[in-house]
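Trainee: Start counting the sequence shown at -5; every next residue gets the next number (the working numbering).
Heads up, the beta-carbon is just placed ideally off N, CA and C, and yes, glycines get one too.
All values derive from a computational prediction rather than experimental measurement.
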Amino acid sequence: MDIIREQKPKGKKRAVQISAGVVVLILITWGLSSLKPAAPSVDRATVWTDTVQFGTFVRAVRGNGTLVPEQMRYITAVTAGRVEQRYLLPGEEIDSTTVILRLSNPDVEIQLLQSQQQLSQAQAQLITLRSGLATQRLTQEGLVAQTRTQYLDANRVFDQNQRLFDRNPDLVAQAELDRRRELAGELETRLSLEQERLQVLASSVEEQVDAQEAQVRRLQAIVVFNRDRLASLEVTAGVSGVLAELPVQEGEWVQAGGSLARVVQPGRLKAEVRIPQTQAQDIVVGQTAFIDTRNDTIVGRVSRIDPAVQNAAVLIDVALPAELPQSARPDLTIDGTVEIERLEDVIFVGRPAFGQANSRVGIFKVVEDGNFAERISVQLGASSVNEIEVVEGLEPGDVVILSPMDQWDAYDRVRLRG
């Protein structure tokens, strides 16, 4: 017999399927939303890492500079002139009398000739003046002697007439006696005047001669000056050493005071190091400095600190030992490192490219056997040339990335590949 099968409603089955699909979709969406974004990959070879250390931390500052002689001399032109000939080249050894180059200036020769002519004229005038004044003095002395004789004769005649008159008034007329008295008085006055004139002449003679002699001495000094100027056209070193610079060329016109050459005494050198002004505040005289010549390292001490800042840098002098390596030469470019202080029992690490002293920064720390790096907050302390103190955030043995990570600022975790 036929059995009638009972048919289930299809709509109910479809509703169950849809409900199940919605639940699965919700679960998948929730699962995906709870997952962290995938960490970007960074090539391990492109990052620079360092291991955090514990021990002695050396604070130091660095600058560049040059080696310069402790004793050197710039030779300048005493007078303007044209370079006629160069006798030496830089690097040659010279002594104090070595002629380096020769200048020419016709005006200097003319001025010497003119001053010599003026001196000759002044000397001739001095001779003429002395002769003339001596003649005047002798003439005046003769006049004084003549007047004295006349006065003595007149006074003697007056005395005789006075005695005769006193004995017998009839022997000498009163008028004659008065005339003799007046003549004697006149001659006495004339004698006094002539003697005074002789004194004035004697004093004026000395003054006139002194004035002319002063003029002669002044012209002699001018002649010596011009002669020295002419001699200075033959430029000599003045000191023994090595000719370091000779910047002028033959035919070049140089002004008075212009630099002609530089002579150095290479036996003793010092280092002039320029330290950035923001790092120079802790430098003091006596601190140890290390001078890198690219071939050798020389240990010295800070001997002088320039009080002024020039071009955002402070210039310091570093005294070097007497015995220097062969690589040390004048004007050699060097790097100088000044040791500020040594701190014991300090956690420190290589200085990151983005870290400043006494600041808090984010640094990527290598984790999970070196496969990943996570950003952590680190407090930095005192800084040195290549290292910086870690106050908190890292422990000795941690490995951190020091190279710039600017392109991953949006991520706190990166994968290290390779």
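Using only alpha-carbon positions, find the residue among A376, E239, A283, R38 that is nearest to R80.
Mentor: Locating residue 80 in the sequence shown gives position 86, counting from the first residue. Minimum Cα distance to R80 is reached at E239.
Trainee: Please look up how many angstroms separate the CB atoms of A306 and Q271, rounded, as I've assumed it's under 8 Å.
Mentor: Here the question's residue 306 lines up with position 312 in the sequence shown. Here the question's residue 271 lines up with position 277 in the sequence shown. About 5 Å; that satisfies the 8 Å criterion.
Trainee: Under DSSP, the alpha helix (DSSP H) around E200 begins and ends at which residues?
Mentor: To locate residue 200, count along the sequence shown from 1; it is residue 206. Its alpha helix (DSSP H) spans residues 168 to 225.
Trainee: Would you check if the distance between the CB atom of Q202 and the CB atom of L113 is smaller than 8 Å?
Mentor: Against the sequence shown, residue 202 aligns to sequence position 208. Against the sequence shown, residue 113 aligns to sequence position 119. Contact: no.
Trainee: Determine the DSSP secondary structure at R157, reduced to helix, strand or coil.
Mentor: Mapped onto the sequence shown, residue 157 falls at position 163. Three-state result, R157: helix.
Trainee: Output the distance between the C-alpha atoms of L396 and E386, rounded to the nearest integer angstrom.
Mentor: The residue labelled residue 396 in the question sits at position 402 within the sequence shown. The residue labelled residue 386 in the question sits at position 392 within the sequence shown. Spanning the two alpha carbons is a distance of roughly 16 Å.
Trainee: For a test of the three-state rule: what should DSSP assign to T141, helix, strand or coil?
Mentor: As a position in the sequence shown, residue 141 is number 147, starting the count at 1. The answer is helix: DSSP assigns T141 an H, G or I state.
Trainee: In this structure, what does DSSP give as the bridge partners for E135?
Mentor: The residue given as residue 135 occupies position 141 in the sequence shown. Looking at the DSSP assignment, E135 forms no beta bridge with any residue, so it has no partner.
Trainee: Let me know if G251 comes out buried or exposed under the rule of 16 or more other beta-carbons within 10 Å of its beta-carbon.
Mentor: As a working mapping, residue 251 is identified with position 257 in the sequence shown. Its Cβ having fewer than 16 others within 10 Å, G251 is exposed.
Trainee: Got a sec: does the ligand FMN put a non-hydrogen atom nearer than 7 Å to the Cβ of E170?
Mentor: The ligand content of the structure shown is nil, which means the ligand FMN is not present either.
Trainee: Only counting the same chain, and skipping five residues up and downstream in sequence, which positions put a Cβ closer than 8 Å to that of V229?
Mentor: Here residue 229 refers to the residue found at position 235 of the sequence shown. The residues are I69, A71, V93, I94, L95, R96, L97, L254, A255.
Trainee: Between the C-alpha atoms of A169 and A148, what's the straight-line distance to the nearest angstrom?
Mentor: In the sequence shown, the residue the question calls residue 169 occupies position 175. In the sequence shown, the residue the question calls residue 148 occupies position 154. The straight-line gap from Cα to Cα measures roughly 15 Å.
Trainee: Taking contact to mean at least 3 C-beta pairs separated by less than 8 Å, is the stretch 327 to 345 in contact with the stretch 284 to 291?
Mentor: With the cut-off at 8 Å, the stretch 327 to 345 and the stretch 284 to 291 touch.
Trainee: Taking DSSP's pairing of strands, which residues face S35 in a bridge?
Mentor: Position 41 of the sequence shown holds residue 35. In the DSSP output, where bridge partners are listed per residue, S35 has R409.
Trainee: When you compare only the Cα positions, how much space is there between L127 and V77?
Mentor: As a first step, residue 127 must be located in the sequence shown, where it is residue number 133. As a first step, residue 77 must be located in the sequence shown, where it is residue number 83. Going by the C-alpha atoms only, they are around 51 Å apart.
Trainee: DSSP three-state call for G375: helix, strand or coil?
Mentor: Numbered from 1 along the sequence shown, position 381 holds the residue referred to as residue 375. In this structure, G375 counts as strand in the three-state DSSP scheme.
Trainee: Using C-beta distances below 8 Å, list every residue in its chain close to N380, excluding the 5 sequence neighbours before and after it, in chain order.
Mentor: Your numbering for residue 380 matches position 386 in the sequence shown. The residues are G344, R345.
Trainee: Relative to the alpha-carbon of Q209, which residue among L120, V312, D89 has its alpha-carbon at the smallest distance?
Mentor: Walking along the sequence shown from the start, residue 209 turns up at place 215. Checking every option, the nearest Cα to that of Q209 belongs to L120.
Trainee: Let me make sure I understand the geometry here. Which of G179, V393, I370 has the alpha-carbon closest to that of I357?
Mentor: Residue mapping note: residue 357 aligns to position 363 of the sequence shown, counting from 1. Of the listed residues, the one whose Cα sits closest to I357 is I370.
Trainee: Using C-beta distances below 8 Å, list every residue in its chain close to D222, excluding the 5 sequence neighbours before and after it, in chain order.
Mentor: Here residue 222 refers to the residue found at position 228 of the sequence shown. Taken in chain order, the residues that qualify are V72.
Trainee: So, under 8 Å CB-CB, V46 and I341 are touching, yes? Tell me the CB distance rounded to an integer number of Å.
Mentor: Against the sequence shown, residue 46 aligns to sequence position 52. Against the sequence shown, residue 341 aligns to sequence position 347. Indeed they touch by this definition, with Cβ atoms about 6 Å apart.
Trainee: Does the distance from the CB of A274 to the CB of V55 come in under 8 Å?
Mentor: Counting from 1 along the sequence shown, the entry for residue 274 is found at position 280. Counting from 1 along the sequence shown, the entry for residue 55 is found at position 61. Result yes, Cβ atoms of A274 and V55 sit closer than 8 Å.
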